[in-house]
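Below: the structure, in structure tokens.
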Amino acid sequence: MTASDVKIQIEKVYKIFGDRPDDAIAELRAGAQKTEVLQKTGCVVGLKDIDFSIRNGETFVIMGLSGSGKSTLIRHFNRLIEPTAGRILVGGRNIMEMNAKELLAFRRNGISMVFQRFGLLPHQTVLENTICGPILQGVNRREAVALGMEQLELVGLKGFENRFPRQLSGGMQQRVGLARALATKADVLLMDEAFSALDPLIKSDMQEQLKDIQARLKKTIIFITHDLDEALHLGDRIAILKDGELRQVGTGEEILFRPADDYVERFVRKVDLSRAMYAHEAFTKVPVLTSAEATPERSAALLREHPGVVVTNGVAPRLLARGATGEAIAVASVDAGAAIGQCFPLLAAQDAILVTEGGAATGMLTREMAFKALARSARPV
Ligand SMILES: Nc1ncnc2c1ncn2[C@@H]1O[C@H](COP(=O)(O)OP(=O)(O)O)[C@@H](O)[C@H]1O
Ligand SMILES: [Mg+2]
């Protein structure tokens with residue numbers, strides 16, 4: 003990782019709550035655990051020697067059980083909490099060296115937050131809530147409104163701008179929270195358990211929407227969750243915290259298949275692989291032809307090289323699979339982001355299904371491909 007790829011750098015950060023932070027750090031450095039430090043010094047260890055960096059444009063998930071230090075850590079990134087020891091650099095700047103004015107500007111323009119409990123102003127409309135960031139930034143009202151409407155459209159709330167938060171469901175309120183954070187144009191988004199209070203179905207809708215938005219906007223997103231499925235689904239990389247200590251930082255695959263220690267291993271053991279693997283990890287891209295191009299000769303030639311050919315006619319894409327004679331047939335399709343487990347019911351009914359990326363069919367998934375992908379990643383028992 004080169005310096006310009008790094009957005010946030012956390013260097014040897016300790017956070018001690020209590021009156022004897024120096025003694026507590028000395029105990030920790032001598033190898034004491036969180037409970038011992040509490041007994042000996044009366045101090046609570048929030049974070050212990052945290053050292054890692056977050057890349058520009060990645061979705062970085064911080065996960066751990068309740069009390070592991072997730073909120074304490076994320077609040078360091080905008081200096082809502084100051085470290086007891088260590089340094090935090092955002093965009094190469096040591097945020098502890100910012101004066102009050104610089105810090106205010108940084109919080110208004112550089113970094114924005116989405117809260118678990120939405121944090122909307124109840125007596126202001128959806129639009130007013132959305133544009134409070136730009137207004138504070140000094141953007142004129144007309145521009146702020148245009149910007150706010152744009153963000154509301156992005157999160158699927160066009161038409162709701164004059165409602166009040168209480169008139170919206172929880173999922174919709176959190177969409178406003180997201181629109182409000184996006185409206186500041188900050189390139190870092192902090193999301194502390196932003197979806198944890200939502201019902202499972204709404205939560206999964208929000209995850210998809212966040213992925214779509216992130217694919218377009220490429221923010222640096224720091225997303226906290228205690229839900230491993232959510233972490234695996236959203237995170238480019240995941241950090242696992244326990245008792246204020248960083249146990250592992252890695253991709254979902256690294257965490258699942260190369261856990262750094264027993265704790266992480268126990269943590270991930272219960273993951274259902276069929277939900278943690280996605281169609282894009284298993285499918286095969288195949289040539290895409292229009293129906294005019296898909297002459298029998300051309301199709302046959304391509305099928306000698308590829309397991310299938312997608313035939314599009316402007317309406318529904320069809321699949322011509324190797325071994326099957328005759329016409330391309332209409333089959334079910336899934337998005338490349340679908341979990342393998344979601345593909346199984348379709349694959350039970352059909353030998354192969356289409357896989358779409360960004361709405362366009364680009365490949366196919368067979369039973370065998372899905373099964374092999376799972377087999378490749380299965381941990382030995
Ligand atoms: N202001 C505070 N004063 C004392 N202890 C705190 C304070 N804030 C957090 N803690 C303690 O720090 C630890 C980490 O808390 P927190 O970051 O809120 O965890 P999480 O967000 O992972 O649930 C916990 O042991 C918690 O009790
Ligand atoms: Mg928390």
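Quick note on the numbering used here: the sequence shown kicks off at 3 and runs consecutively.
Even glycine gets a Cβ: it sits at the ideal position worked out from N, Cα and C.
At least one heavy atom of ligand 2 is found less than 6 Å from the C-beta of residue 73.
Taking 6 Å as the cut-off, one finds no heavy atom of ligand 1 near enough to the beta carbon of residue 162.
Per DSSP, the unbroken alpha helix (DSSP H) holding residue 175 starts and ends at 172-185.
Per DSSP, residue 269 is one residue of the alpha helix (DSSP H) stretching across 264-271.
At least one heavy atom of ligand 1 sits closer than 6 Å to the Cβ of residue 19.
For residue 346, the three-state secondary structure derived from DSSP is helix. Every unbroken stretch of the alpha helix (DSSP H) spanning 4 or more residues and falling wholly within the segment 73-151 is given here in chain order: 102-107, 128-132, 134-139.
In the DSSP assignment, residue 56 is bridged to 10.
Residue 305 sits away from residue 320, with the two beta carbons spaced by 7 Å or more. DSSP places residue 39 within a helical segment (H, G or I) once states are collapsed to three.
Annotation for residue 48 indicates a beta carbon within 6 Å of some heavy atom of ligand 1.
In this structure, the beta-carbon distance from residue 188 to residue 76 does not fall below 7 Å. The continuous alpha helix (DSSP H) containing residue 259 extends over residues 254-259. Around the C-beta of residue 235, 16 or more other C-beta atoms lie within 10 Å, and the residue is accordingly described as buried. Assignment of residue 374 by DSSP, reduced to helix, strand and coil, places it in the helix class.
A direct Cα-Cα distance of roughly 21 Å separates residue 174 from residue 136.
Within a 10 Å sphere around the beta-carbon of residue 194 sit 16 or more other beta-carbons, which makes this residue buried. Look at residue 211 here: in three-state DSSP terms it is helix. Annotation for residue 31: the continuous alpha helix (DSSP H) segment containing it runs 23-31. Residue 68 has its CB nearer than 6 Å to a heavy atom of ligand 1.
Separation of residue 196 and residue 144 (C-alpha to C-alpha, rounded to the nearest whole angstrom) is 29 Å.
In this structure, residue 249 sits near residue 266, with a CB-CB distance shorter than 7 Å. With a 10 Å radius around the Cβ and a threshold of 16 neighbouring Cβ atoms, residue 177 comes out buried.
Residue 50 holds the alpha-carbon nearest to the alpha-carbon of residue 30 among 192, 50, 44.
About 6 Å separates the beta carbon of residue 9 from that of residue 57, a gap short enough to meet the 8 Å contact definition.
Counting only the Cα atoms, residue 179 lies some 27 Å from residue 341. DSSP places residue 192 inside the beta strand (DSSP E), whose first and last residues are 190-194. Within the DSSP bridge table, the entry for residue 15 names 52 as partners. Residue 260 and residue 269 have their alpha carbons spaced roughly 12 Å apart.
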